[in-house]
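A.B. asks: Taking this note's numbering, the leading residue of the sequence shown gets 276, the next gets one more, and so forth.
We put the beta carbon where it would ideally sit given N, CA and C, even for glycine.
The structure displayed is predicted, hence computed values, not measured ones.
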Amino acid sequence: MLSDITRNTNLRTSGVRVDRYNKLVPIVTNAAASFKTGGQNLSGDNFITKYDAAKKQVLWSKNITTVSKGEYAGFQDIGHDSRGNTYVVGTFPGTILRVDREGSNIIPWYLPAKIDHTKTGFSGLAAVENCLLTSNNADSQIYRFDMTAEKGSPVLVRRSPDATLATIDAIYLPPKYEGKVLLVAENAKGITVLRSSDGSWQAAEHLGTVPNNSSAAQGGTITTAVQVGESLYMVEGFSADPPVSNSTAGNRTEFPMVDITSEVEQLLKK
276 MLSDITRNTN LRTSGVRVDR YNKLVPIVTN AAASFKTGGQ NLSGDNFITK YDAAKKQVLW
336 SKNITTVSKG EYAGFQDIGH DSRGNTYVVG TFPGTILRVD REGSNIIPWY LPAKIDHTKT
396 GFSGLAAVEN CLLTSNNADS QIYRFDMTAE KGSPVLVRRS PDATLATIDA IYLPPKYEGK
456 VLLVAENAKG ITVLRSSDGS WQAAEHLGTV PNNSSAAQGG TITTAVQVGE SLYMVEGFSA
516 DPPVSNSTAG NRTEFPMVDI TSEVEQLLKK
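1) Can you pull the DSSP bridge partners for R433?
2) Buried or exposed for E529, please, with buried defined as at least 16 other CB atoms from any protein chain shown within 10 angstroms of its CB.
3) Can T324 and L277 be called in contact, C-beta distance under 8 Å?
4) Using a Cβ-Cβ cutoff of less than 8 Å, which residues in the same chain neighbour G483 once the five nearest sequence positions on both sides are dropped?
5) With distances taken from CA atoms, which of D375, S475, A460 is nearest A441?
6) What are the partner residues of G483, as DSSP defines its beta bridges?
7) Would G474 pass as a contact of T496 if the rule is Cβ separation under 8 Å?
8) Would you mind sorting D279 into buried or exposed? The rule is 16 or more other CB atoms within 10 Å of its CB.
9) Please say whether S472 and I443 have beta carbons closer to each other than 8 Å?
10) Could you pull the DSSP bridge partners for P449 from this structure?
11) Under DSSP, the alpha helix (DSSP H) around F530 begins and ends at which residues?
12) First and last residue of the alpha helix (DSSP H) that includes S309?
13) On the premise that T312 lies in contact with T288, defined as a C-beta separation below 8 Å, what is that separation, rounded to the nearest angstrom?
14) Evaluate Y362 with the Cβ neighbour count: other Cβ atoms within 10 Å of its Cβ, from every protein chain shown; 16 or more gives buried, anything less gives exposed.
15) Between A463 and the rest of its own chain, which residues show a CB-CB distance below 8 Å, the 5 nearest in sequence each way excluded?
16) When you compare each of A491, E425, P517, D534 to S506 by their alpha carbons, which one comes out closest?
17) According to DSSP, is Q541 part of a helix, a strand, or is it coil?
18) Please state if the CB of T439 and the CB of G396 are separated by a distance shorter than 8 Å.
19) Let me check one thing: in DSSP terms, what residues is I353 bridge-paired to?
20) Once DSSP output is grouped into helix, strand and coil, what is the label at V293?
21) Can you tell me the Cβ-Cβ gap for R434 and A500, rounded? I've got them flagged as a contact below 8 Å.
22) Helix, strand or coil for V342? Go by DSSP, reduced to three states.
23) Near F322, what residues of its chain come up, given a Cβ to Cβ distance below 6 Å and the 5 sequence neighbours on each side ignored?
24) Helix, strand or coil: which one does DSSP assign to S506?
25) What residue from V539, S537, P518 has the CA that sits closest to R282's CA?
26) Taking DSSP's pairing of strands, which residues face V461 in a bridge?
27) Tell me whether E377 is buried or exposed, calling it buried when 16 or more other Cβ atoms sit within 10 Å of its Cβ.
28) How about G465 and N411: do their beta carbons lie closer than 8 Å?
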């Protein structure tokens, strides 16, 4: 349990990703109001917590609202670089914070020229080498950043064809493809497959979408994709379920993960 966070109805844990460089687990928790109101209400605190899963120990927890000062929020996905930094994406509007390994230095690494928290922006992060990718709901595009830079500067990843990406959530680089394949979660539509043949993400092929039409996961929306072993799965969210009284969760007992391995492999044959 995370002190002051677990079962707190004013908070939601929205980003959890193992740092492949040190096996520690950064956890992003945001004020629930920002997502409930689509960025209209940014009240409440937001945290990043570094957790050691092997020792079952919280190493540190920092309130990132002291940096954002309530001007931007909707923090969710996470990325890492080889220097121990953690990158935290914000959605209202699209922002990126950089946090050092000890949590002692948190900086606004990328902020838009105009901060309008009523506008929906970035949603997901995925990192390979020194390249940080993000999905942008403001224009339905994918952008890349150079993580060695002092400040982030977004560069458009040109896609061919430039098909629409609708209501993007997390993005994911499955390890089996060595950073050359990006799986984009589109909430209602499914998992869209992009490929950068050289892994530079200067440009990408838009190969198609694995649809969200499994009978086993009716009513679910796609939040991300994940690799387990050599298989790939769609992760379904059921946020529309009615909550149990005096609880932060619903009464659902089954959480299906849909195997999309063969469908992705078929698209990669193009």
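C.D. replies: Checking against the coordinates, here is how it stands:
1) A478
2) When all chains shown are included, E529 counts as exposed.
3) yes
4) T467, V468, L542, K545
5) A460
6) V468
7) no
8) exposed
9) no
10) Its beta-bridge partners do not exist; DSSP assigns none.
11) Run containing F530: none; DSSP gives neither H nor E here.
12) 307-311
13) About 18 Å separates the beta carbon of T288 from that of T312, a gap too long to meet the 8 Å contact definition.
14) Label assigned to Y362: buried.
15) A441, T442, N487, T496, I497
16) D534
17) helix
18) no
19) DSSP output for I353 lists V363 as bridge partner(s).
20) Correct three-state label for V293: coil.
21) Contact doesn't hold; Cβ gap of about 18 Å is too wide.
22) helix
23) Leaving aside the five residues that flank F322 on each side, the residues in its chain whose CB is nearer than 6 Å to its CB run, in chain order, T304, S336, N338.
24) It is a strand residue.
25) P518
26) The identity of residue 461 in the sequence shown is Glu, whereas the question assumes Val. The partner list for E461 (beta bridge, DSSP) reads I443, G465.
27) Flag for E377 reads exposed.
28) no
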